[in-house]
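Participant: Numbers in this note's numbering are just positions in the sequence shown, counted from 1, shifted up by 274.
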Amino acid sequence: MPTRTVDPHRLHRADRAVLAALVALAILVGIWPLTGVLTTYVPLLAVPAAAGLPYLIPALRLMPLGDTTWAFWLADVAGVLVMLLVAFVMLRAPKRRAVPSPGRAFGRGVWVTTVAVVAGNLVRGVFTSFTVHADLGTYLGTTAANVVVSAITGALLGLVVGAVAAIVATTGRGSGGTDSDGADGDEADAAADAETQTVGDDADAEASVTA
275 MPTRTVDPHR LHRADRAVLA ALVALAILVG IWPLTGVLTT YVPLLAVPAA AGLPYLIPAL
335 RLMPLGDTTW AFWLADVAGV LVMLLVAFVM LRAPKRRAVP SPGRAFGRGV WVTTVAVVAG
395 NLVRGVFTSF TVHADLGTYL GTTAANVVVS AITGALLGLV VGAVAAIVAT TGRGSGGTDS
455 DGADGDEADA AADAETQTVG DDADAEASVT A
């Protein structure tokens with residue numbers, strides 16, 4: 275008897291919310307009037323850039339910022355694509371539950387955001403190192419600092435992304451499982467029941483033949 279199985283790699287609502295939040299953050303960081311005002315009120319945000327490290331996370335803009343070249347713009351776009359690709363691959367990893375709990379969705383959002391931001395900023399950092407013709411020692415030191423600062427930045431922004439994912443997971447559970455995630459859970463239960471019923475029928479058939 276054919277049964278339907280649930281794809282363990284399928285993106286759920288909370289996973290899609292993580293990707294959407296990362297795209298939104300990349301767009302917001304690319305709006306200089308917004309980030310400029312934020313940096314004015316929080317000068318600490320300007321420290322990484324002053325030290326030659328990437329600013330916050332890869333930014334998504336329609337054109338280069340100020341007097342920067344198109345090469346820097348392409349590096350930012352490449353950083354965004356790598357960030358989203360890493361997040362997508364991590365979110366596609368096999369899941370132990372068809373529908374994540376709000377707590378699990380929050381933790382997953384924080385972790386995915388942290389790793390994705392580090393990956394995206396590494397792309398920007400490597401490009402900058404080649405642009406300034408950094409020697410090996412400077413390159414290694416800058417890369418190590420980039421990883422640490424990006425991990426901290428990603429973890430802080432991950433709190434926001436994780437909160438969004440947790441809210442989406444909560445609303446999904448509160449709706450009584452009417453979304454696709456709830457359907458996945460129902461399909462998994464139905465598949466398990468059907469398999470159990472099939473095994474039971476086979477056992478009855480064998481018993482009748484033996485008798």
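Glycine included, C-beta positions come from ideal geometry on N, C-alpha and C.
Give every residue of the same chain whose Cβ lies closer than 8 Å to the Cβ of VAL434, excluding the five residues on either side of it in the sequence, and list them in chain order.
Facilitator: Correct list, in chain order: ALA295, LEU299.
Participant: Closest to ALA291 by C-alpha separation, out of VAL384, VAL422, GLY411, ASN395, would be which residue?
Facilitator: When only C-alpha atoms are compared, the closest one is VAL384.
Participant: Could you tell me how far apart the beta carbons of ARG398 and ASP350 are, in whole angstroms, since I believe they sit closer than 8 Å?
Facilitator: Between ASP350 and ARG398 the Cβ distance is about 7 Å, and since that is below 8 Å, they are a contact.
Participant: Considering Cα atoms alone, identify which of PRO376, VAL321, GLY353, ALA320 is closest to LEU334.
Facilitator: The shortest Cα separation from LEU334 among PRO376, VAL321, GLY353, ALA320 belongs to GLY353.
Participant: State the start and end residues of the unbroken alpha helix (DSSP H) segment that holds ALA291.
Facilitator: Per DSSP, ALA291 belongs to the alpha helix (DSSP H) from 287-303.
Participant: Would you kindly check if the distance between the Cβ of ALA390 and the Cβ of GLY428 is under 8 Å?
Facilitator: It is a contact, given that the beta carbons lie within the stated cut-off.
Participant: Report yes if the CB atom of GLY326 is closer than 8 Å to the CB atom of THR444, and no otherwise.
Facilitator: Not closer than 8 Å, so no.
Participant: Can the beta-carbon of PHE380 be found less than 8 Å from the beta-carbon of LEU293?
Facilitator: Taking 8 Å as the Cβ cut-off, PHE380 and LEU293 do not qualify as a contacting pair.
Participant: With H, G and I counted as helix, E and B as strand and the rest as coil, what does DSSP make of GLY340?
Facilitator: DSSP places GLY340 in coil when its eight states are reduced to three.
Participant: So, for ALA288: in the same chain, excluding its five sequence neighbours on each side, which residues have a beta-carbon less than 6 Å away from its beta-carbon?
Facilitator: Once the five neighbours on either side are set aside, the close Cβ partners of ALA288 are PRO374, ALA379, ALA439, VAL442, ALA443.
Participant: Exposed or buried, which one is PRO328 when buried takes at least 16 other CB atoms within 10 Å?
Facilitator: When all chains shown are included, PRO328 counts as buried.
Participant: Does the beta-carbon distance from MET357 to VAL386 come in below 8 Å?
Facilitator: Cβ atoms of MET357 and VAL386: not closer than 8 Å.
Participant: If you reduce the DSSP assignment to three classes, tell me which class GLY381 lands in.
Facilitator: In the structure shown, GLY381 sits in a helix (DSSP, three-state: H, G or I).
Participant: If you measure between the beta carbons of ILE301 and ASN395, is that distance less than 8 Å?
Facilitator: Contact flag unset, no.
Participant: Report the residue from THR313, PRO322, TRP306 whose alpha carbon sits nearest the alpha carbon of LEU336.
Facilitator: The option with the nearest alpha carbon to LEU336 is TRP306.
Participant: With VAL392 and VAL421 assumed to form a contact (beta carbons below 8 Å), what rounded beta-carbon distance in angstroms separates them?
Facilitator: Indeed, because the Cβ distance is near 6 Å, the residues count as touching under 8 Å.
Participant: From which residue to which residue does the alpha helix (DSSP H) around LEU308 run?
Facilitator: Start and end: 306-315.
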